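The structure appears right after this line, and notes come after that.
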Amino acid sequence: MSLSMRRTLIAGNWKMNGSLAANASLLAGILSDRSTSSAQLAVCVPALYLAQAQSVLSGSHVLWGAQDVSAHEKGAFTGEVSAQMLVEFGCSCVIIGHSERRSYHAESDELVAQKAQRALASRLIPIVCVGETLEEREQDATNAVVSRQLAPVLDAVGTQLGSIVIAYEPVWAIGTGKTATPDMAQQVHARIRAMLAERDAESAQQVRILYGGSMKPDNARELLAMPDIDGGLIGGASLNALDFLAIANSA
Ligand code: PGA
Numbered sequence: 232m233s234l235s236m237r238r239t240l241i242a243g244n245w246k247m248n249g250s251l252a253a254n255a256s257l258l259a260g261i262l263s264d265r266s267t268s269s270a271q272l273a274v275c276v277p278a279l280y281l282a283q284a285q286s287v288l289s290g291s292h293v294l295w296g297a298q299d300v301s302a303h304e305k306g307a308f309t310g311e312v313s314a315q316m317l318v319e320f321g322c323s324c325v326i327i328g329h330s331e332r333r334s335y336h337a338e339s340d341e342l343v344a345q346k347a348q349r350a351l352a353s354r355l356i357p358i359v360c361v362g363e364t365l366e367e368r369e370q371d372a373t374n375a376v377v378s379r380q381l382a383p384v385l386d387a388v389g390t391q392l393g394s395i396v397i398a399y400e401p402v403w404a405i406g407t408g409k410t411a412t413p414d415m416a417q418q419v420h421a422r423i424r425a426m427l428a429e430r431d432a433e434s435a436q437q438v439r440i441l442y443g444g445s446m447k448p449d450n451a452r453e454l455l456a457m458p459d460i461d462g463g464l465i466g467g468a469s470l471n472a473l474d475f476l477a478i479a480n481s482a
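One rule links them: number in my numbering = place in the sequence shown (from 1) + 231.
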């Protein structure tokens with residue numbers, strides 16, 4: 232159990248999956264849950280489906296958000312989606328700096344920081360992703376990598392530190408079925424919280440640090456039991472309502 236007042240957040244990252252029909256049944260499945268999990272639920276859907284999420288989820292206990300946002304406010308940025316547009320479609324949160332964006336779209340630590348700042352300026356909760364590759368872990372560089380990724384974000388968010396969410400997602404665990412052990416994850420989460428505390432001790436206790444990377448119903452409970460693991464960012468398992476709910480219910 233978390234020793235703090237941080238409310239567990241279970242956020243689904245649908246990635247580039249779904250269709251109007253599939254989303255309708257997935258969202259209906261999530262909404263049909265009658266259990267009394269204390270976790271906060273969110274789904275981060277492809278931008279085109281935000282209108283659908285808004286229409287299905289408005290007034291429910293499930294939040295929704297996007298998977299990326301432009302660092303710019305508006306203007307000549309073909310293909311981009313602005314934070315204000317996300318707000319207009321009722322988003323509460325947005326994933327920023329996912330490792331797939333960092334590797335396939337060459338997003339730098341600085342760009343990730345600008346996006347986090349842009350999200351906060353529109354009162355969106357940025358879910359900022361950090362995490363090392365297998366090679367970096369084998370070189371014992373995990374802490375150095377996570378610190379390097381996080382430092383510009385912490386500079387950019389400044390006094391709004393308490394309003395962000397961080398997701399620790401070891402790249403080697405994403406979509407691979409390999410999970411960090413609870414102890415491995417806890418070590419990095421504690422290190423991240425210590426980094427936050429160097430900036431602002433009080434806010435550091437408020438920030439939720441999610442674990443992501445092959446979190447499933449059968450490993451969620453022990454991960455979520457660690458003192459600095461405050462929730463999960465769920466990829467594959469978030470596409471199945473029963474699995475997603477089972478994870479939330481193990482919090
Ligand atoms: P996964 O993805 O749960 O499928 O490993 C997690 C993520 O990439 O956010």
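Heads up, the beta-carbon is just placed ideally off N, CA and C, and yes, glycines get one too. Keep in mind that this is a model prediction, so the values were computed, not measured.
Shortest gap from the CB of N244 to any heavy atom of the ligand PGA: under 6 Å. For Y442, DSSP records a beta bridge to Y399, G463. A contact between stretches requires three or more CB pairs, one per stretch, nearer than 8 Å, and the region 237–245 meets this requirement with the region 258–270. Around F320, the same chain offers L281, A282, Q285 as residues with beta carbons nearer than 7 Å, after the five sequence neighbours per side are excluded. The C-beta separation of L279 from L258 comes to about 15 Å, leaving the pair out of contact by the 8 Å criterion.
Taken atom to atom, the span from the alpha-carbon of A375 to that of F475 is near 32 Å.
DSSP lists I326, V396 as the beta-bridge partner residues of I358.
Beta-bridge partners assigned by DSSP to A273: A242, L294.
In the three-state scheme derived from DSSP, where H, G and I count as helix and E and B as strand, T267 is classed as coil. Annotated three-state conformation of D431 is coil, per DSSP. Annotated as proximal: Y442 and I460, with beta-carbon spacing under 7 Å. The distance from the Cβ of A273 to that of C324 is about 6 Å, consistent with a contact at the 8 Å cut-off.
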